[in-house]
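**Q** Next up is a structure, given as structure tokens.
Residue numbers (mature numbering (1 follows the signal peptide of the UniProt record, and there is no 0)): -22 to -1, 1 to 788.
So this is what it looks like as structure tokens:
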């Protein structure tokens, strides 16, 4: 821990660019505020962020990989570097994905003997200089303690590395050698492996005339079924070739120039046999540098080589980096902030979150070998159980064209595979964690006028399919237990389901998610004029009541908390089961509620949490079930005052911060946001409380700090004061600019309570605003004060609920 603490201190000063305060920050001016290493930590609350070089939603993601907390490739956990690889995911909670075909550079072999160089990952792993990692949008660099420095930048399908070697080679990790110091003669290997050692089979070749490395492999996904094929093509510039060949284990030779490996399930398991190719160079011609260009493709080696040659024809590292920076500056230009006297930490938190909200899903258009289509193809929806809550709402607001392409992708998956995905990575089906949550993503986009090139009739067909037709394997798509859902109107803890295969767990959380999914279908049915379907699905939206136990009490350490009414499991015969209300919180058995068959009846959260999430479309009914407004507020206060209970390291609790709005207490929501930002969301390496989940944590802070937070599957946002004097958001489809301006703003955040508001100069009393504001533009002006006021407190000013507003979702 002492080493890690020192490392964090160094990183905190070395990787952030010092920026003078500016009145307005946008576009390129915002880029220096991005800290890639927020969340690059380890442990149970690790962020698992990808801290390397990439384009917005880009396929190529280049960084140095470690042998420790490697879900994002690199982490500030004090572990060693094993290579530089070209594709990664960001923020995942499962195993480490991608990291295929890593390159590893060495400045020379001890005694100038090839077989004294290091080839296998476990042997070659090298420490790095603690203060050397540097990253900014489109760029990453690090220095190994062998004095080899690696820099990375990318285009959409190609990673470009610039390796700088020392004049005098030195062994890694300060290993002593009795041999004379070898001459500078760099060796670069390509390893036929991935981060999780999941290779099923693969081949690699090297051209002895040009040094071009090519390869293909079949690998397993980290949170799904099946396998995926990937290909690469690496070329080098900057030094002449001395020798090429292959390696197996820790031995190498130039007798052959290609190698094939097949995992037989016995001899190569569980640790994949190291194998690959090498290029041994003479001393570099200029600046002791060799540039490596690596194209990647799911389709073929030829396509990987074509990407690289087309996207980076001249190996120009500086120009490629500049183009990547330009692409990020353009993305950042849709938001401008009047930063006033806001401190550096909060500016860094905001822009770093904004950056991470644009990493995934990833644009694999033209890379889908599963079917032929002219439609776009995005991947790494990892997973929609996480992303439906905030990521896609952020993308819709900040980059609606990209969200349009993602929706078209989801519909193309349905068109060719017969079901919408709930989780998808590396062209494989991922595991469903609850309901059919692509339904929420689609309806959210539909309500927010995402239309270009989208067949919404097909979209409606797709979400109805989820509600009505159980797939053979509902572990990876659709919903299970539909017989019980339609007949009993809940998912029993001991469900009988002869129609499909899946894990018979999570009955409570699946019940409320199915109800939520059906509410979304009802909204779309009504908008399309299908009154019969509307009535059917709006009735199903109320099925959460069937697992609500009105007399259920809650005890903490054998003491009655005084709160009554919680979600509880129910059996086929209608009798109640029991799950302790604190189970699956940090207070009790935190890790016990996962997908596995022995899991409990809520997923990654306690009955305390899920009881707040029971009815996002009908909070008025839920508040009544909890005893009315005052009791609901008291219950929310209890929840948020126990950080072990209201753990924000997962996405489900985010909504609870804003639920005070429904009780007419929007000022309390503002208080709670400032409770979590910056205490749990800050600019340190542990600056997010859990996995970033493909940008969920980043999307959360971005929207929260702009003062508008969504209720997914609806077209409205809760209003709280932005963390800045003024926020301007330009819509990418309409060109309109929406301005949210604070009056009486203070950077110490004493004034966090809205006293009054105007919309385009007219008095505005609702504590929420619809998406039309962002489509049409305008000015929302919030006058702030030090105490709660009566703004947004009346029944008619709170967000809509099904039981109190009959025409709310027209």
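Glycine residues also receive a C-beta, built at the ideal position from the N, C-alpha and C atoms.
Please read all numbers here as calculations on a predicted model, not as lab measurements.
Just how far apart, CA to CA, sit residue 773 and residue 381?
**A** In a straight line, the C-alpha of residue 773 is about 34 angstroms away from that of residue 381.
**Q** Tell whether a beta-carbon distance below 8 angstroms holds between residue 640 and residue 592.
**A** No, these two residues do not count as a Cβ contact at 8 angstroms.
**Q** Apply the 10 Å Cβ neighbour rule to residue 347 and answer buried if 16 or more other Cβ atoms are within range, or exposed otherwise.
**A** Under this definition residue 347 is an exposed residue.
**Q** Let me check one thing: in DSSP terms, what residues is residue 214 bridge-paired to?
**A** Beta-bridge pairing links residue 214 to 270.
**Q** Among 714, 614, 513, 744, whose alpha-carbon lies nearest the alpha-carbon of residue 754?
**A** Nearest of 714, 614, 513, 744 to residue 754, Cα basis: 714.
**Q** Among residues of its own chain, excluding the 5 on either side of residue 93, which ones have a beta-carbon nearer than 7 angstroms to its beta-carbon?
**A** Taken in chain order, the residues that qualify are 229, 230.
**Q** For the putative contact between residue 360 and residue 413, defined by C-beta atoms under 8 angstroms, what is the C-beta separation to the nearest angstrom?
**A** At roughly 17 angstroms, the Cβ-Cβ gap does not stay under 8 angstroms, so residue 360 and residue 413 are not in contact.
**Q** Does the structure place the segment 348 to 367 close enough to the segment 55 to 64 that three or more beta carbon pairs sit under 8 angstroms?
**A** No: fewer than three Cβ pairs fall under 8 angstroms.
**Q** By Cβ distance, which residues of its chain are closer than 8 angstroms to residue 265, with the 5 residues on each side in sequence left out?
**A** The residues are 142.
**Q** Under a three-way DSSP split, which group does residue 572 fall into?
**A** If DSSP states are grouped into helix, strand and coil, residue 572 belongs with coil.
**Q** If I follow the unbroken alpha helix (DSSP H) through residue 744, where does it start and stop?
**A** Element bounds for residue 744: n/a, residue is neither H nor E.
**Q** If you scan the segment 555 to 618 from start to end, which runs of the alpha helix (DSSP H) of 4 or more residues do you find wholly inside it?
**A** Complete alpha helix (DSSP H) runs here, min 4: 585 to 590, 597 to 603, 607 to 618.
**Q** At 3 residues or longer, and completely inside the segment 72 to 150: list those beta strand (DSSP E) runs for me, N to C.
**A** Here the runs fully enclosed are 81 to 84, 112 to 114, 117 to 121, 127 to 132, 136 to 142.
**Q** Specify, as a first and last residue, the run of the alpha helix (DSSP H) that residue 417 falls within.
**A** Unbroken alpha helix (DSSP H) run through residue 417: 416 to 425.
**Q** From the DSSP output, read off the bridge partner residues of residue 695.
**A** DSSP output for residue 695 lists 688, 747 as bridge partner(s).
**Q** Are the CB atoms of residue 179 and residue 241 within a distance shorter than 8 angstroms?
**A** A contact, by the Cβ cut-off of 8 angstroms.
**Q** Of all the alpha helix (DSSP H) runs that stay within the bounds of the segment 435 to 480, which reach a length of 4 or more residues?
**A** List check, alpha helix (DSSP H) in window: 460 to 465.
**Q** Just verifying my parser: in three-state terms, what is the DSSP assignment at residue 758?
**A** Strand, per DSSP.
**Q** Tell me whether residue 349 sits in a helix, a strand or coil according to DSSP, three-state version.
**A** Here residue 349 sits in coil by DSSP.
**Q** Taking the CB atoms as reference points, tell me whether residue 118 and residue 223 lie closer together than 8 angstroms.
**A** No.
**Q** From which residue to which residue does the beta strand (DSSP E) around residue 789 run?
**A** Absent from the structure is residue 789, since the part of the chain shown begins at -22 and ends at 788.
**Q** Quick one: Cα of residue 276 to Cα of residue 197, how far?
**A** Spanning the two alpha carbons is a distance of roughly 11 angstroms.
**Q** At a cut of 8 angstroms, does the segment 654 to 673 reach the segment 10 to 23 through at least three beta carbon pairs?
**A** Yes, the segment 654 to 673 touches the segment 10 to 23.
**Q** Rounded C-beta distance between residue 752 and residue 709? I'm assuming under 8 angstroms.
**A** Contact flag correct, Cβ pair sits at about 6 angstroms.
**Q** Assuming residue 211 contacts residue 286 (C-beta within less than 8 angstroms), just tell me the rounded distance between them.
**A** Right, their Cβ atoms sit about 6 angstroms apart.
**Q** Can you tell me whether residue 541 is buried or exposed, with buried defined as 16 or more other CB within 10 angstroms of its CB?
**A** With 16 or more Cβ atoms within 10 Å of its Cβ, residue 541 is classed as buried.
**Q** Using beta-carbon positions only, say whether residue 304 and residue 336 come within less than 8 angstroms of one another.
**A** No, these two residues do not count as a Cβ contact at 8 angstroms.
**Q** So is residue 375 buried or exposed if we call it buried at 16+ other beta carbons inside 10 Å?
**A** Answer is buried; the Cβ neighbour count reaches 16.
**Q** Comparing alpha-carbon positions, which option in 775, 631, 698 lies nearest residue 363?
**A** Here the closest residue by C-alpha is 631.
**Q** Pull the bridge partners of residue 636 from the DSSP assignment, please.
**A** Residue 636 pairs with nothing; no bridge assigned.
**Q** In three-state DSSP terms, what is residue 246?
**A** For residue 246, the predicted structure reports a pLDDT of 48, less than 50, and the residue's modelled location is therefore unreliable. A value from the coordinates is still provided. Residue state, collapsed to three classes: coil.
**Q** Could you tell me how far apart the beta carbons of residue 519 and residue 493 are, in whole angstroms, since I believe they sit closer than 8 angstroms?
**A** About 5 angstroms; that satisfies the 8 angstroms criterion.
**Q** Among the residues of its own chain, which have a CB less than 6 angstroms from the CB of residue 668, if the five just before and after it don't count?
**A** Here the set comprises 23, 627, 628.
**Q** Compare the Cα-Cα distances from residue 137 to each of 410, 576, 288 and report the closest residue.
**A** Among 410, 576, 288, the Cα nearest to that of residue 137 belongs to 288.
**Q** I think residue 758 touches residue 721, with their Cβ atoms under 8 angstroms apart; what is that distance to the nearest whole Å?
**A** Wrong, their Cβ atoms sit about 11 angstroms apart, outside the cutoff.
**Q** On the three-pair Cβ rule with 8 angstroms, is the segment 667 to 684 touching the segment 728 to 735?
**A** With the cut-off at 8 angstroms, the segment 667 to 684 and the segment 728 to 735 do not touch.
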